[in-house]
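Just so we're aligned, residue 9 is where the sequence shown starts under our numbering, counting upward by one.
Following: one structure in structure tokens, then a few remarks.
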Amino acid sequence: LSGAGVAQALLLRQRLQQVCAEDAAAAPLLRPDAVLVSPLTRAVQTAVVGFAPTLTRPGASGELHLMANAREKQNLGGMDTMSRKTGANIIRNVHDRLLGARGGKCVDSTDEDFAKLRFNLREVQEQWWSNGRSESEGQLCARMREFVAQLLYSPHDCIVVVGHSHFFRAVFRKYLSPELKARAPELTSWMATQRLANCGAIRLDLE
């Protein structure tokens, strides 16, 4: 993340506190059962800065689960959708880059938060990115099916996923229910066609 990106993640942290205080239905976002995050560097940085206070509160799991299927849609020429790091090297890179974003000083209490967090790296011990310069439609569809299945069959009730706008848009386009489309046509049309802003958030029920 750039300095601006770090500021956006800090704003997300503050905005979550505000929204959850005003809306009881959103309150579980501050005590999620699981936080799943794309292994790509900027997503992990966003999760650390935005959700570390939530994850490290008393009684919380303190765990970020790196989810390979949540990575960005890989497009031709999209260099920020690729990686060459696995396992603990991902986390070391995230920490070093957060230090670099603030001239050697970790953002806010992020250095302390890092020490308290646990990172589930089971899915990213081996190569987790696609070969080639872009994903085929078939590869993307298969990954989206696995992604949705992981959420649907998770033992958790409230799950936060930190990921990427193009991938989320593709998931919305394919999986939003006809009932939701009929009930909220403008919103669902926007979700399926527009790009979610940096550090934007959408809350959905899965059935």
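For glycine and all other residues, C-beta sits at the position ideal for the given N, C-alpha and C.
Quick caveat, the model's predicted, so the values are computed rather than measured.
DSSP state of residue i, grouped into three classes?
{"i": "N139", "result": "coil"}
{"i": "L74", "result": "strand"}
{"i": "Q151", "result": "Here the sequence assigns Arg to residue 151, which means Gln is not the residue at that position. Here R151 sits in helix by DSSP."}
{"i": "L44", "result": "strand"}
{"i": "I99", "result": "helix"}
{"i": "R211", "result": "coil"}
{"i": "R65", "result": "coil"}
{"i": "S185", "result": "coil"}
{"i": "A157", "result": "helix"}
{"i": "Q82", "result": "coil"}
Can you tell me whether residue i is buried or exposed, with buried defined as 16 or more other CB within 10 angstroms of its CB?
{"i": "C149", "result": "exposed"}
{"i": "Q82", "result": "buried"}
{"i": "P163", "result": "exposed"}
{"i": "Q16", "result": "buried"}
{"i": "A12", "result": "exposed"}
{"i": "W137", "result": "buried"}
{"i": "G140", "result": "exposed"}
{"i": "Q26", "result": "exposed"}
{"i": "G58", "result": "buried"}
{"i": "R79", "result": "buried"}
Rounded to the nearest angstrom, how far is the Cβ of residue i from that of residue j, given a contact under 8 Å?
{"i": "R126", "j": "N77", "result": "20 Å between Cβ atoms; not a contact."}
{"i": "R203", "j": "R177", "result": "7 Å"}
{"i": "D121", "j": "A60", "result": "3 Å"}
Run through the DSSP bridge pairs and tell me what residue i is partnered with.
{"i": "N216", "result": "The first residue shown for the chain is 9 and the last is 215, placing residue 216 beyond what the model contains."}
{"i": "V170", "result": "V45"}
*Three CB pairs or more closer than 8 Å across the stretch 157-177 and the stretch 90-109*: no
*Do three or more CB pairs link the stretch 90-99 to the stretch 37-57 at distances below 8 Å?*
yes
*Is the stretch 15-35 touching the stretch 125-139, taking contact as three or more C-beta pairs under 8 Å?*
no
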